[in-house]
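Chains as they are written, first to last, in the working numbering: chain C, 1 to 276; chain D, 277 to 434. Every residue gets a Cβ at the ideal spot worked out from N, C-alpha and C, and that includes glycine.
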Amino acid sequence: MREFEYVAPKTVKEALNLLATYKEKATILAGGTDVVVRLRDEIIDPEFIIDIKHIDELNGIKFDKKEGLFVGANATMHEIQNDKNVKEFYPFYADACGHVGSKQVRNKATSVGNLCTASPLGDSLTPMYCLDATVVIEGPKGKREAPVREFITFVRKTVLERDELVLGVKFPYVECKGIYTKNARRHEVDLSNIVATILKVGDEYRIAYGSVAPTPIRLVKTEEFLKGKKIDDKVIEEAKKILTTEISPISDLRATKEYRVSVSQSILENSLKALG
Amino acid sequence: MKKINVKFTLNGELIELEVQPNHTALRVIREQLDLTGAKEGCGAGECGACTIIVDGLAVNSCLMLAPELDGKNVLTVEGLAKGGKLTDIQQAFIDHVALQCGYCTPGFIMSTTAFLEENKKPTREEIEVALAGNLCRCTGYKRIIEAVEDVVNKRGGK
Ligand SMILES: Cc1cc2nc3c(=O)[nH]c(=O)nc-3n(C[C@H](O)[C@H](O)[C@H](O)COP(=O)(O)OP(=O)(O)OC[C@H]3O[C@@H](n4cnc5c(N)ncnc54)[C@H](O)[C@@H]3O)c2cc1C
Ligand code: FES
Ligand code: FES
Chain C
1 MREFEYVAPK TVKEALNLLA TYKEKATILA GGTDVVVRLR DEIIDPEFII DIKHIDELNG
61 IKFDKKEGLF VGANATMHEI QNDKNVKEFY PFYADACGHV GSKQVRNKAT SVGNLCTASP
121 LGDSLTPMYC LDATVVIEGP KGKREAPVRE FITFVRKTVL ERDELVLGVK FPYVECKGIY
181 TKNARRHEVD LSNIVATILK VGDEYRIAYG SVAPTPIRLV KTEEFLKGKK IDDKVIEEAK
241 KILTTEISPI SDLRATKEYR VSVSQSILEN SLKALG
Chain D
277 MKKINVKFTL NGELIELEVQ PNHTALRVIR EQLDLTGAKE GCGAGECGAC TIIVDGLAVN
337 SCLMLAPELD GKNVLTVEGL AKGGKLTDIQ QAFIDHVALQ CGYCTPGFIM STTAFLEENK
397 KPTREEIEVA LAGNLCRCTG YKRIIEAVED VVNKRGGK
């Protein structure tokens with residue numbers, strides 16, 4: 001690991017001042033499960049590491065039915081997957097967080113870190129896409145909010161400026177049933193070949209997939225087709241065809257393009273059957 | 277590069293020392309503090325050989341920067357036995373011969389120690405999930421799982 005200075009601000013204000021001073025020379029450290037690996041492999045070479053874990057304002061998970069769920073930047077996968085309200089009202093999100101890495105990784109990794117890393121296969125992201133979650137950001141000019149679908153722009157790219165910090169993610173409360181599915185080579189501790197969350201809200205479906213495009217995506221055409229339909233074999237077959245027009249997976253060391261298309265279709269079929 | 281002063285509890289003892297920010301907690305524990313129980317396997321969060329317990333939770337010390345130790349309560353495998361007496365988990369690994377080369381063992385024992393505090397009556401499947409972040413090249417896992425199940429049964433019987 002190359003040399004850098006380590007700073008651990010105690011307030012958001014202090015962190016923003018540091019970011020404003022150091023800009024592209026600084027890297028924010030949350031759980032560090034991406035950052036430390038990238039430091040070690042010298043993929044990144046910051047002069048300053050800003051550890052945000054001592055900022056109490058960024059801790060915690062809040063919920064009420066009117067405001068929905070707020071997940072602070074320091075909330076770990078372990079905290080989210082075991083949170084009473086997340087388990088009751090967003091079980092598919094609890095499930096998603098429970099599928100990130102190993103227990104040791106989940107004890108450190110944050111969902112906001114997962115979001116800011118902006119990997120197409122980020123396990124905790126498809127629930128955010130299904131619920132149209134909002135990213136709460138603070139910078140030198142004050143607070144702003146970005147819909148998650150606009151926040152991630154490409155593989156490892158977001159709209160976040162170098163002097164901005166993500167405070168947390170807001171999920172509206174929606175009465176729904178939902179299913180999260182991860183397909184990987186191993187049952188535990190593996191990156192996804194395909195990851196998906198499918199929700200049924202009233203007589204509509206919301207479908208988000210990861211690892212099928214440069215960013216996680218919503219399958220809006222498939223959603224439109226399924227609106228108000230009763231699920232039977234014919235409808236499922238048609239939906240599977242439409243799905244293939246919306247995804248563009250690649251072949252890589254984990255899986256081939258063809259395999260990913262086929263798995264995506266199976267996930268859709270299984271989820272629709274289970275949700276009814 | 278500015279060194280960082282960290283104060284933390286290590287195996288029950290208050291420690292204060294200067295660390296280099298670009299060292300991992302694992303490196304500090306092994307090389308500055310001479311506790312070589314935690315091992316480096318992959319150095320990238322994959323194998324669990326470096327597992328330590330921080331504030332009650334198992335973490336990979338290879339993914340923790342040295343300055344992150346500040347203010348924490350840290351337990352390594354060296355801190356488990358009291359007055360030369362092994363914990364029931366350590367003893368069970370011996371009784372079940374849940375190791376061959378032993379490189380992975382401290383990591384498995386730390387993961388198990390933290391997990392059985394959190395879940396006192398786990399199923400076999402829950403044990404497997406909790407230990408999935410620890411890899412073993414030698415045993416094939418069967419004896420490790422059996423050792424953990426044995427501890428659960430014996431503790432439950434008390
Ligand atoms: C062994 C292993 C297995 C893994 N398995 C999975 C897996 O199964 N699924 C999966 O999705 N991921 C996996 N990961 C990747 C990683 O654990 C996740 O992406 C994790 O959620 C990152 O969170 P973190 O808190 O550790 O982020 P960090 O590493 O601290 O940060 C990640 C990025 O986000 C930025 N950042 C963090 N917080 C903020 C903030 N508040 N504001 C602005 N920027 C911020 C950082 O600067 C950095 O660029 C794995 C990693 C390892 C090492
Ligand atoms: S050395 Fe830390 S997980 Fe392998
Ligand atoms: S006993 Fe050799 S790696 Fe587990």
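Contact list for residue 107 of chain C against chain D, beta-carbon separation under 7 Å: By 1-based counting over the first sequence, the position of residue 107 of chain C is 107. Correct list: 333, 334, 335.
Residues of its chain near residue 248 of chain C, where Cβ-Cβ distance is below 6 Å and the 5 sequence neighbours each way are ignored: Here residue 248 of chain C is taken as the residue at index 248 of the first sequence, counted from 1. Excluding sequence neighbours, residue 248 of chain C sits near 213.
Contact test: residue 387 of chain D Cβ vs ligand 2 heavy atom, cutoff 8 Å: The sequence position of residue 387 of chain D within the second sequence is 111, counting from 1. No, the beta carbon of residue 387 of chain D sits no closer than 8 Å to any heavy atom of ligand 2.
Residue 4 of chain C, DSSP secondary structure in three states: Within the first sequence, the letter at position 4 stands for residue 4 of chain C. Residue 4 of chain C falls in the coil class under three-state DSSP.
Cα-Cα separation between residue 220 of chain C and residue 130 of chain C, rounded to whole angstroms: In the first sequence, counting from the first residue as 1, residue 220 of chain C sits at position 220. In the first sequence, counting from the first residue as 1, residue 130 of chain C sits at position 130. Straight-line Cα distance between these residues: approximately 11 Å.
8 Å contact criterion, which residue 282 of chain C and residue 181 of chain C should meet: CB distance rounded: For chain C, the structure presents residues 1 to 276; residue 282 of chain C sits outside this window and is missing.
Own chain, CB closer than 7 Å to residue 23 of chain C, minus 5 neighbours either side, in chain order: On the first sequence, residue 23 of chain C is found 23 positions in, with the first residue counted as 1. Only 162, 163 meet the Cβ criterion.
Nearest neighbour of residue 347 of chain D, chosen from D:418, D:283, D:324, D:326 [CA to CA]: For the purposes of this step, residue 347 of chain D is taken as residue 71 along the second sequence, with counting starting at 1. For the residues D:418, D:283, D:324, D:326, the minimum Cα distance to residue 347 of chain D belongs to D:283.
Burial state of residue 183 of chain C, where buried means 16 or more other Cβ atoms lie within 10 Å: What you label residue 183 of chain C is simply residue 183 of the first sequence in a count that begins at 1. Looking at its Cβ environment, which holds 16 or more other Cβ atoms inside 10 Å, residue 183 of chain C is buried.
Segments assigned beta strand (DSSP E), at least 3 residues, entirely inside the segment 334-410 of chain D: 349-351
Proximal residues, the segment 284-298 of chain D versus chain C, C-beta separation under 7 Å: 297, 298
Residue 17 of chain C versus residue 326 of chain D - alpha carbon distance: On the first sequence, position 17 is the one that residue 17 of chain C refers to. On the second sequence, position 50 is the one that residue 326 of chain D refers to. Straight-line Cα distance between these residues: approximately 35 Å.
Contact shell at 6 Å, judged by CB to any heavy atom of ligand 2, ordered along the chain: D:316, D:317, D:318, D:319, D:321, D:322, D:323, D:324, D:325, D:326, D:336, D:338
Residue 5 of chain C versus residue 207 of chain C: straight-line alpha-carbon distance, rounded: Start at 1 with the first residue of the first sequence, and residue 5 of chain C comes out as number 5. Start at 1 with the first residue of the first sequence, and residue 207 of chain C comes out as number 207. Whole-angstrom Cα-Cα distance: 43 Å.
Coil, strand or helix - residue 166 of chain C by DSSP: Sequence index remark: in the first sequence, residue 166 of chain C carries index 166 (1-based). Strand, per DSSP.
Proximal chain C residues relative to residue 278 of chain D, where beta-carbon distance stays under 9 Å: For the purposes of this step, residue 278 of chain D is taken as the residue at position 2 of the second sequence. Here the neighbours are 5, 6.
Burial state of residue 172 of chain C (16 or more Cβ within 10 Å): Here residue 172 of chain C is taken as the residue at index 172 of the first sequence, counted from 1. Flag for residue 172 of chain C reads exposed.
Residue 108 of chain C Cβ short of 8 Å to ligand 1 heavy atom set: As a first step, residue 108 of chain C is located in the first sequence; it is residue number 108 there, counting from the start. It does: the Cβ of residue 108 of chain C is within 8 Å (strictly closer) of some heavy atom of ligand 1.
Contact set for residue 377 of chain D: own chain, Cβ-Cβ below 8 Å, skip 5 residues either direction: Counted from its first residue, the second sequence places residue 377 of chain D at position 101. These residues qualify, in order along the chain: 413, 414.
Cβ of residue 350 of chain D within 9 Å of any chain C Cβ: For the purposes of this step, residue 350 of chain D is taken as the residue at position 74 of the second sequence. Chain C contact via Cβ: absent.
Chain-ordered residues, beta carbon under 5 Å from a heavy atom of ligand 3: D:375, D:376, D:377, D:379, D:380, D:412, D:413, D:414
Chain-ordered chain B contacts of residue 406 of chain D [CB-CB under 8 Å]: This model lacks chain B altogether, as its protein chains are C and D.
Residue 303 of chain D, DSSP secondary structure in three states: To locate residue 303 of chain D, count along the second sequence from 1; it is residue 27. It is helical.
Local conformation of residue 269 of chain C per DSSP, three classes: As a working note, residue 269 of chain C is residue 269 in the first sequence. Note: residue 269 of chain C maps to helix in three-state DSSP.
Exposure of residue 357 of chain D, with buried meaning 16 or more beta-carbon neighbours within 10 Å: Locating residue 357 of chain D in the second sequence gives position 81, counting from the first residue. Answer is exposed; the Cβ neighbour count stays below 16.
Best match in C:85, C:82, C:72 for proximity to residue 136 of chain C [C-alpha to C-alpha]: Working through the first sequence from its first residue, we reach residue 136 of chain C at position 136. Of the listed residues, the one whose Cα sits closest to residue 136 of chain C is C:72.
Length of the line joining the Cα atoms of residue 286 of chain D and residue 246 of chain C: The count along the second sequence starts at 1 and reaches residue 286 of chain D at position 10. The count along the first sequence starts at 1 and reaches residue 246 of chain C at position 246. Roughly 53 Å between the two C-alpha positions.
Whether residue 324 of chain D touches residue 411 of chain D by CB criterion (9 Å): The residue you call residue 324 of chain D lines up with position 48 of the second sequence. The residue you call residue 411 of chain D lines up with position 135 of the second sequence. Yes, they are a contact pair.
Proximal residues to residue 329 of chain D (C-beta, below 6 Å), its chain only, five neighbours per side dropped: Here residue 329 of chain D corresponds to residue number 53 of the second sequence, with the count starting at 1. Excluding residues within five positions, the ones whose Cβ falls inside 6 Å are 351, 386, 390.
At least three beta-carbon pairs within less than 8 Å, the segment 369-376 of chain D to the segment 66-83 of chain C: no
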